[in-house]
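Chemist:
2 protein chains.
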Amino acid sequence: MLTRVEEKLLQFITRFIAQNGHAPTLVEMGQALGIRSKGTVHRYVESLVDKGHLRRNGRGWRGVRLTGENDRRLTILPLQGRIAAGRPIEAIPGQREVNFSELLLGHDRYVLEVSGDSMIEAGILDGDMVVVRQADTADNGDIVVALIDNEEVTLKRLRRHGDRIELIPANSTLASMIYPADRVRIQGIVVGQLRLY
Amino acid sequence: MLTRVEEKLLQFITRFIAQNGHAPTLVEMGQALGIRSKGTVHRYVESLVDKGHLRRNGRGWRGVRLTGENDRRLTILPLQGRIAAGRPIEAIPGQREVNFSELLLGHDRYVLEVSGDSMIEAGILDGDMVVVRQADTADNGDIVVALIDNEEVTLKRLRRHGDRIELIPANSTLASMIYPADRVRIQGIVVGQLRLY
DNA sequence: CTGAAAAGAGAACTTTTAGAGAACATACAT
DNA sequence: ATGTATGTTCTCTAAAAGTTCTCTTTTCAG
């Protein structure tokens, strides 16, 4: 169980190592946390080592490593930075976090595995999973799970034209389908997409 | 059997942990319930522990956890079925589940936001997030975070040619880059990709 | 109505977390 | 080898959080 400052420090060290290939010094950690005392920072590092989140790498400078047995926060991942071709990882100010539980784990969410290439140009590939929020209405532009004629279910982008509904694939080799509104029932809105390698 | 206030408190704690990743303090609980006395709140927490709905996690601050069933639900999403254009949702036999904590939330995982289109044909778009597992080696075909000349960081697919390393973008308008192995350091392997709408 | 259970206030106390900084030890560059 | 940056070990202080009490009020079944 980490305290707030320990958590912040561990995140900082993780990001620092990802960016620079080696650990920060105590003073650098202190600057990142707004602590002026090396001794205090040292106590936090010791605590993280004790708790198994860090490992000593000899006793030289910058001598800590990230290590194995770790029970990181259950549902929150640190958003460490932005990566672009040809640039160093850009730290994101304000320590943003990705909270899976809030975004994906509501009671009305479920996951579907996508089969087929009809949404490939929206970056949804065959085999990906989409997180769907149960809903019976949607806005223009939403990617929806739609039931057509109580028979077929499909994943498409939605556009309304008066009393007609256009279901637009994201694949230039496929054509849109247009139906009267009463033949289409919205079953859910895609709120996330997930792929595992 | 829980009293009314105990019920409200348990709901609050569950929601709080889902949102914040850690338990609230007594004062925070009190604010949520409209109770000004820490002592009173403490009595309810004790009662919930006694009745088995909460568990103590050491004796530090924010040191309570949910017990078994409540806890596990937070990181597991039901995988409902497979969706394909023109077919009903196909139920998947055996009620598969997607366990986020296992796949994405290891200690050595972190998230980067992707900027740029260099991996667009692999379904990784500008603004997506990738989950990276810290690693210093990778296999052919892995998508890696690579540090070049200790300066540039880039996200590319890896291929080794003897002592040379080819970094292949997934964008037909961009060319591969080939470097001697000693100029490239692998920083991590992409193990997942995530997009939020 | 009456008594027990539930609910709340708050005082007094202990423990944990947090930060500062001094003093000293060790590692690194030159 | 030597100076400086860095790491280690302390002590002191304080704020925040948890714990243990006692007291009062409210609710509700019998």
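These protein sequence lines are chains A and B, in that order. The opening residue of the first sequence carries number 1 in the numbering used here; numbering runs sequentially from there. The opening residue of the second sequence carries number 1001 in the numbering used here; numbering runs sequentially from there. Just so it is clear, CB atoms sit at the ideal spot from N, CA and C, and this is done for glycine as well.
Give a yes or no on whether 7 angstroms exceeds the smallest Cβ distance from S37 (chain A) to chain B.
Modeler: Start at 1 with the first residue of the first sequence, and residue 37 (chain A) comes out as number 37. Closer than 7 angstroms: no.
Chemist: Can you tell me whether T154 (chain A) is buried or exposed, with buried defined as 16 or more other CB within 10 angstroms of its CB?
Modeler: The residue labelled residue 154 (chain A) in the question sits at position 154 within the first sequence. By the 10 Å Cβ count, T154 (chain A) comes out buried.
Chemist: Looking only at DSSP bridge pairs, what is V144 (chain A) linked to?
Modeler: Along the first sequence, read from residue 1 onward, the residue named residue 144 (chain A) stands at position 144. Looking at the DSSP assignment, V144 (chain A) forms a beta bridge with A:K156 and A:I189.
Chemist: In chain order, what residues of the same chain have a beta carbon less than 7 angstroms from the beta carbon of A181 (chain A), not counting five sequence neighbours either side?
Modeler: The count along the first sequence starts at 1 and reaches residue 181 (chain A) at position 181. So the list reads D163, R164 and I165, once near-sequence residues are dropped.
Chemist: Examine chain A for any beta-carbon lying closer than 7 angstroms to the beta-carbon of N1057 (chain B), and answer yes or no.
Modeler: The count along the second sequence starts at 1 and reaches residue 1057 (chain B) at position 57. At least one CB atom of chain A sits nearer than 7 angstroms to the CB of N1057 (chain B).
Chemist: Could you check how far apart the C-beta atoms of A1146 (chain B) and I1120 (chain B) are, in whole angstroms? I think they sit under 8 angstroms.
Modeler: Along the second sequence, one-based indexing puts residue 1146 (chain B) at 146. Along the second sequence, one-based indexing puts residue 1120 (chain B) at 120. Going by Cβ atoms, the distance from A1146 (chain B) to I1120 (chain B) rounds to 18 angstroms, so no, they are not a contact pair.
Chemist: Whole angstroms is fine: what's the gap from V1005 (chain B)'s alpha carbon to R1043 (chain B)'s?
Modeler: Here the question's residue 1005 (chain B) lines up with position 5 in the second sequence. Here the question's residue 1043 (chain B) lines up with position 43 in the second sequence. The alpha-carbon atoms of V1005 (chain B) and R1043 (chain B) are separated by roughly 11 angstroms.
Chemist: Which whole-angstrom value describes the C-beta separation of I1189 (chain B) and S1176 (chain B), a residue pair presumed to lie in contact below a C-beta threshold of 8 angstroms?
Modeler: As a position in the second sequence, residue 1189 (chain B) is number 189, starting the count at 1. As a position in the second sequence, residue 1176 (chain B) is number 176, starting the count at 1. Contact flag wrong, Cβ pair sits at about 19 angstroms.
Chemist: Going by beta-carbon coordinates alone, are N171 (chain A) and S118 (chain A) separated by less than 7 angstroms?
Modeler: Within the first sequence, residue 171 (chain A) is the residue found at index 171, counting from 1. Within the first sequence, residue 118 (chain A) is the residue found at index 118, counting from 1. A contact, by the Cβ cut-off of 7 angstroms.
Chemist: What whole-angstrom Cβ distance do I1143 (chain B) and A1122 (chain B) have, given they're in contact under 8 angstroms?
Modeler: In the second sequence, counting from the first residue as 1, residue 1143 (chain B) sits at position 143. In the second sequence, counting from the first residue as 1, residue 1122 (chain B) sits at position 122. Between A1122 (chain B) and I1143 (chain B) the Cβ distance is about 7 angstroms, and since that is below 8 angstroms, they are a contact.
Chemist: Closer than 7 angstroms, CB to CB, is I1165 (chain B) near chain A or not?
Modeler: As a working mapping, residue 1165 (chain B) is identified with position 165 in the second sequence. Answer no: the Cβ-Cβ gap between I1165 (chain B) and chain A never drops below 7 angstroms.
Chemist: What residues of chain B sit near M1 (chain A), judged by a beta carbon separation below 7 angstroms?
Modeler: For the purposes of this step, residue 1 (chain A) is taken as the residue at position 1 of the first sequence. Per Cβ cutoff of 7 angstroms: N1057, G1058, G1060 and G1063.
Chemist: Measuring only the C-alpha atoms, how far is T1173 (chain B) from L1158 (chain B)?
Modeler: Within the second sequence, numbered from 1, the residue matching residue 1173 (chain B) stands at position 173. Within the second sequence, numbered from 1, the residue matching residue 1158 (chain B) stands at position 158. Their Cα atoms are separated by approximately 18 angstroms.
Chemist: Against I974 (chain B), what residues of chain A qualify as contacts under a CB-to-CB distance less than 8 angstroms, listed in chain order?
Modeler: No statement about residue 974 (chain B) is possible, as the shown extent of chain B runs from 1001 to 1197 and does not include it.
Chemist: Out of curiosity, what's the CA-to-CA distance linking V1049 (chain B) and D1139 (chain B)?
Modeler: Here residue 1049 (chain B) is taken as the residue at index 49 of the second sequence, counted from 1. Here residue 1139 (chain B) is taken as the residue at index 139 of the second sequence, counted from 1. C-alpha separation (whole angstroms): 48 angstroms.
Chemist: So for H42 (chain A), helix, strand or coil by DSSP?
Modeler: What you label residue 42 (chain A) is simply residue 42 of the first sequence in a count that begins at 1. Three-state DSSP puts H42 (chain A) in a helix.
Chemist: Name the chain B residues that come within less than 7 angstroms of L54 (chain A), Cβ to Cβ?
Modeler: Stepping through the first sequence from its first residue, residue 54 (chain A) is reached at position 54. By Cβ distance, chain B contributes nothing, its closest Cβ being about 11 angstroms from L54 (chain A), past 7 angstroms.
Chemist: Listing by chain order, which chain B residues have their CB less than 7 angstroms from the CB of V49 (chain A)?
Modeler: Translated into positions along the first sequence, residue 49 (chain A) becomes position 49. Under the 7 angstroms cutoff, chain B gives no residues; its nearest Cβ is about 14 angstroms from V49 (chain A).
Chemist: Of the choices B:H1053, B:Q1193 and B:E1028, whose alpha-carbon is the least far from that of E1007 (chain B)?
Modeler: For this step, residue 1007 (chain B) is matched to residue 7 along the second sequence. Checking every option, the nearest Cα to that of E1007 (chain B) belongs to B:H1053.
Chemist: Taking only the alpha-carbon atoms, compute the straight-line gap between R1096 (chain B) and R195 (chain A) and give it to the nearest angstrom.
Modeler: The residue labelled residue 1096 (chain B) in the question sits at position 96 within the second sequence. The residue labelled residue 195 (chain A) in the question sits at position 195 within the first sequence. Residue placement at R1096 (chain B) cannot be trusted, given a pLDDT of 48 that sits under 50; the coordinates are not used to answer.
Chemist: Does DSSP classify G34 (chain A) as helix, strand or coil?
Modeler: For the purposes of this step, residue 34 (chain A) is taken as residue 34 along the first sequence, with counting starting at 1. When DSSP states are grouped into helix, strand and coil, G34 (chain A) belongs to the coil group.
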